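Shown next, in structure tokens, is the structure this report addresses.
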Amino acid sequence: MLKIMGWCLILAGGLGFGDAAARELRKRVAQLEELQRLLLILQGEIRCVRLTLPAVCELLAKDAKAPFQQFFWKVSEDLGKRTGQTAGEIWSRNLKEIQKLLFLTKKEQQDLEEFGQLLGRMDMPMQLSAIQFYQEKIMLSLAEAKAAADSRQKLYRYLGALGGAALVLVIM
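Numbering of the sequence shown is given in the working numbering, commencing with residue 22 and proceeding in unit increments.
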């Protein structure tokens, strides 16, 4: 009886492992969608309301979901302190602080960091162009992430179940 319970627990662990891998794919898609939404808000605030960068970051923090909420609060707070650091340096430092919470690829994180480097340096039309350019990059990454999630979620679940079943067979 205990052996059967142990086998069931091993199989359930394999299923859980596969589901956790599939969940990471969904989290990447969700974070890219959140970034896309925040960029639209950023673009509107810069174009129409003409808020300063600290004020825009504070506004984004109020509307963002984790981990971007924490990121924009910290950027807004640091920009408001006027420590002599550039907006790009502040952006990069705070991005590194939340890096472990991001499910984005290294390339997507690098693109996000490069985008932050451009924000504080340019006039409004150039900032709007940079936002538009980064939105297009996000759209491409999002399409790729959705395709990968659709094709790999089942695969990861099946591999988890098969791995658990194989382990049970080895133990038998």
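All C-beta atoms in this analysis are idealised placements derived from N, C-alpha and C, irrespective of residue type, glycine included.
Given the structure is predicted, the values throughout are model-derived calculations rather than measurements.
Report yes if the C-beta of residue i is less than 7 Å from at least one heavy atom of the ligand FMN; otherwise report no.
{"i": "Tyr-155", "result": "Of the ligands one can find in the structure shown there are none, so the ligand FMN has no counterpart to examine."}
Which whole-angstrom value describes the C-beta separation of residue i and residue j, a residue pair presumed to lie in contact below a C-beta threshold of 8 Å?
{"i": "Gly-35", "j": "Gly-181", "result": "5 Å"}
{"i": "Tyr-179", "j": "Gly-39", "result": "7 Å"}
How big is the Cα-Cα spacing for residue i and residue j?
{"i": "Cys-29", "j": "Leu-23", "result": "10 Å"}
{"i": "Pro-88", "j": "Leu-123", "result": "7 Å"}
{"i": "Asn-115", "j": "Ala-186", "result": "43 Å"}
{"i": "Tyr-177", "j": "Leu-163", "result": "20 Å"}
{"i": "Gln-174", "j": "Arg-71", "result": "42 Å"}
{"i": "Arg-142", "j": "Leu-183", "result": "53 Å"}
{"i": "Glu-135", "j": "Ala-108", "result": "12 Å"}
{"i": "Ile-111", "j": "Arg-47", "result": "29 Å"}
{"i": "Ala-170", "j": "Glu-129", "result": "16 Å"}
{"i": "Leu-140", "j": "Ala-168", "result": "30 Å"}
{"i": "Ser-97", "j": "Met-145", "result": "18 Å"}
{"i": "Gln-90", "j": "Leu-74", "result": "15 Å"}
{"i": "Met-193", "j": "Glu-165", "result": "41 Å"}
{"i": "Ala-198", "j": "Gln-148", "result": "No answer is possible for residue 198: the residues shown for the chain start at 22 and end at 193."}
{"i": "Asp-132", "j": "Gly-27", "result": "46 Å"}
{"i": "Lys-86", "j": "Lys-121", "result": "16 Å"}
{"i": "Ile-25", "j": "Ala-51", "result": "38 Å"}
{"i": "Lys-95", "j": "Lys-127", "result": "22 Å"}
{"i": "Ala-43", "j": "Thr-104", "result": "42 Å"}
Tell me whether the beta-carbon of residue i lies closer than 8 Å to the beta-carbon of residue j.
{"i": "Leu-32", "j": "Val-191", "result": "no"}
{"i": "Glu-66", "j": "Leu-80", "result": "yes"}
{"i": "Cys-78", "j": "Leu-100", "result": "yes"}
{"i": "Arg-49", "j": "Leu-125", "result": "yes"}
{"i": "Phe-93", "j": "Ala-82", "result": "yes"}
{"i": "Leu-63", "j": "Ile-119", "result": "no"}
Classify residue i as helix, strand or coil using the three-state DSSP reduction.
{"i": "Ala-85", "result": "coil"}
{"i": "Phe-38", "result": "helix"}
{"i": "Phe-124", "result": "coil"}
{"i": "Ala-160", "result": "Ala is not the amino acid found at residue 160; the sequence shown has Met there. Reduced to three states, the DSSP call for Met-160 is helix."}
{"i": "Gln-153", "result": "helix"}
{"i": "Gly-105", "result": "coil"}
{"i": "Ile-119", "result": "coil"}
{"i": "Leu-74", "result": "helix"}
{"i": "Met-145", "result": "helix"}
{"i": "Met-26", "result": "helix"}
Just checking: is the beta-carbon of residue i within a distance shorter than 8 Å of some beta-carbon in chain B?
{"i": "Arg-114", "result": "The structure shown has no chain B; it contains just one protein chain."}
Quiz item: Should the segment 39-59 be called in touch with the segment 156-171, which here means at least 3 C-beta pairs below 8 Å?
Solution: yes
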